[in-house]
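Have a look at the structure below, then the notes.
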Amino acid sequence: MLRRGGFRPRAEKISCSATKGGPDVTTAAETTARVKEHVDSLAPALLDLSHRIHANPETANEERKASAWCADLLRSEGFEVTMPVAGLETAFRARRGSGRPALAFLAEYDALPGVGHACGHNIIAASALGAGMALARALEEAGLQATVLVDGTPAEETTSGKLVMVSAGLYREVDAVLSMHPEAEDAVGGSCLGVARLSFSFKGRAAHAASSPDKGVNALDAAIQTFNNVNALRQHTRSDARIHGIITDGGKAVNIVPDFARCEFGVRSVDLGYLKELLEKVKNCARAAALAAGAGLDIQETPICEPIKENRTLTRLTLEAMAEVGRRADDRTGKHFPASTDFGNVSQVVPAIAPMVKAAPEGTVLHHPDFAAAAASPQGDAAVVAAAKVLAIVGLRLVLEPETLKEAWSDFTGGAPATAGT
Ligand SMILES: [Zn+2]
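Encoded structure:
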């Protein structure tokens, strides 16, 4: 996908360019050091924010406190905050600076029902703010021109706020997007699975299950047959595919032929084209089952959370920034994480990266209460500070090195010019 507008990354005000097209080495080193110092001086406020969000878990689209706290802290740093954005009550965009490049740091803050911040989104919020605020300070001190954006992106776990924000065109005039996700290891690069959910509602006809079964149309049979068809399909799918389902309605009483049944499936693949193919095949499983049972069928489908589009240049910069803060991250280029995120859709419209930053003891799994505990532990706090530095350093390099930003766009477009189209 191409973006609207010209490609105009600039770092015009930098005092002296010692190397051809590159930044002055001293200025780059000094500004990088300043970025890190700013994160350190912001750390108490960032960790306070992380702990407050963690102690007040709000589920998807209910993140009123978290989004307001983030917005307040950004305003206190001179950011101009627009909230709501894209019609999402708990989404915001904060802006400081002007001109290009425009870099966006993404803050998530929704919790999971029952297990609180077991996905550690409090860490994502605090580190995105830390990166944006530290970078904006350092750029201003160095007289460098750029726009720093910090976006509050709600409901990652359910309705995928980023999908709505992408559709609203919020990333059309953005040159790169940087975010992170806490994990039990440090890792950079790689993709994830795209996912969409399908919901099948079968309409049958009720009848006495013993005295007049021949008068009934069994909607539950259609749901069960759908699972059988999907099970047969599974042996012929690619190894990266995942199809997992539940029955949410299956009848009211054993002596009534079920006149209504409903089931839901998650369908995933790392390949967007294949995912679309698979979605059609799973729908056919339900259509065939409805036909066999003589039941009516209504199909509901969510928008697709797309796989992450890898960016070699941003992966390299992020690995180098990880090393700069003393973390040896695994390079996951060409591999994929078997889960899904709405960050994938952002990465399909603009060069983007979201490294995994170690915030929990090895082996701790996401969405488990142990991860929630780690997300506010000293290890979780260290991840906030490290990730803020890493993202700010990557951002700084994109401002200082217009050629590197161009390279990231060339990776993104596969060599096609980055200036055309929308
Ligand atoms: Zn998450």
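Residues 32 to 453 in the numbering used here are what the sequence shown lists, from first letter to last.
We put the CB at the ideal spot given by N, CA and C, even for glycine.
Worksheet item: Residue range of the alpha helix (DSSP H) that Phe-443 falls in?
Response: 433 to 444
Discussion item. Just checking Cys-150 against ligand 1 - is the residue's beta carbon closer than 6 Å to any of the ligand's heavy atoms?
Written reply: yes
Worksheet item: Ile-335 to Glu-61, Cα distance in whole Å?
Response: 43 Å
Discussion item. Just to confirm my understanding: we take Asn-376, look at its own chain, exclude 5 residues before and 5 after, and list those with CB closer than 7 Å. What are they?
Written reply: Lys-193, Leu-194, Val-197, Cys-336, Glu-337
Fill in: Reduced DSSP category for Glu-108 - H, G, I as helix; E, B as strand; rest coil
coil
Practice prompt. Using the Cα positions of Ala-419 and Thr-63, report the straight-line distance between them to the nearest angstrom.
Written response: 12 Å
Worksheet entry | Bridge partner(s) assigned by DSSP for His-458 | This structure gives no information on residue 458, because the portion of the chain shown stretches from 32 to 453.
Fill in: Residues that DSSP places opposite Gly-459 in a beta bridge
Residue numbering for the chain in the displayed model covers 32 to 453; residue 459 lies beyond these limits and cannot be assessed.
Worksheet entry | Limits of the unbroken beta strand (DSSP E) element including Arg-124 | 123 to 128
Discussion item. Going by DSSP in three states, Cys-336 sits in which element: helix, strand or coil?
Written reply: strand
Worksheet item: Expressed to the nearest angstrom, what Euclidean distance is found between the alpha-carbon atoms of His-69 and Arg-168?
Response: 7 Å
Worksheet item: If you count every other CB in all the chains shown that lies within 10 Å of the CB of Gln-256, and 16 or more means buried, which is it?
Response: buried
Fill in: Inter-residue spacing [alpha-carbon to alpha-carbon] between Ala-86 and His-399
16 Å
Worksheet entry | Span separating the alpha-carbon of Gly-365 from that of Gly-225 | 15 Å
Discussion item. With distance defined between alpha-carbon atoms, name the residue in Glu-341, Leu-306, Ile-155, Asn-315 nearest to Leu-78.
Written reply: Ile-155
Worksheet item: For Thr-190, does the three-state DSSP call read helix, strand or coil?
Response: coil
Worksheet item: CB Gly-151 to CB Pro-213, shorter than 7 Å?
Response: yes
Worksheet item: Shortest alpha-carbon distance to His-148 belongs to which of Phe-402, Leu-436, Leu-431, Pro-433?
Response: Phe-402
Worksheet entry | Touching by the beta-carbon criterion (3+ pairs, under 8 Å), the region 225 to 240 and the region 290 to 306 | yes
Item to complete: Give me the Cα-Cα distance between Asn-286 and His-239, rounded to the nearest whole angstrom.
Response: 6 Å
Item to complete: Output the distance between the C-alpha atoms of Gly-282 and Phe-136, rounded to the nearest integer angstrom.
Response: 47 Å
Discussion item. Please classify Glu-393 as buried or exposed, where buried requires at least 16 other C-beta atoms within 10 Å of its C-beta.
Written reply: exposed
Worksheet item: With 16 as the cutoff for other CB atoms within 10 Å, does Asp-206 come out buried or exposed?
Response: buried
Discussion item. Taking its Cβ as the centre, do 16 or more other Cβ atoms sit within 10 Å of Gly-52, making it buried, or is it exposed?
Written reply: Bear in mind that the predicted position of Gly-52 carries a pLDDT of just 49, short of 50, making it too unreliable to give a figure here.
Worksheet item: DSSP state of Glu-93, grouped into three classes?
Response: coil
Worksheet item: Between Ser-300 and Lys-312, what straight-line distance do the alpha-carbon atoms span, to the nearest angstrom?
Response: 13 Å
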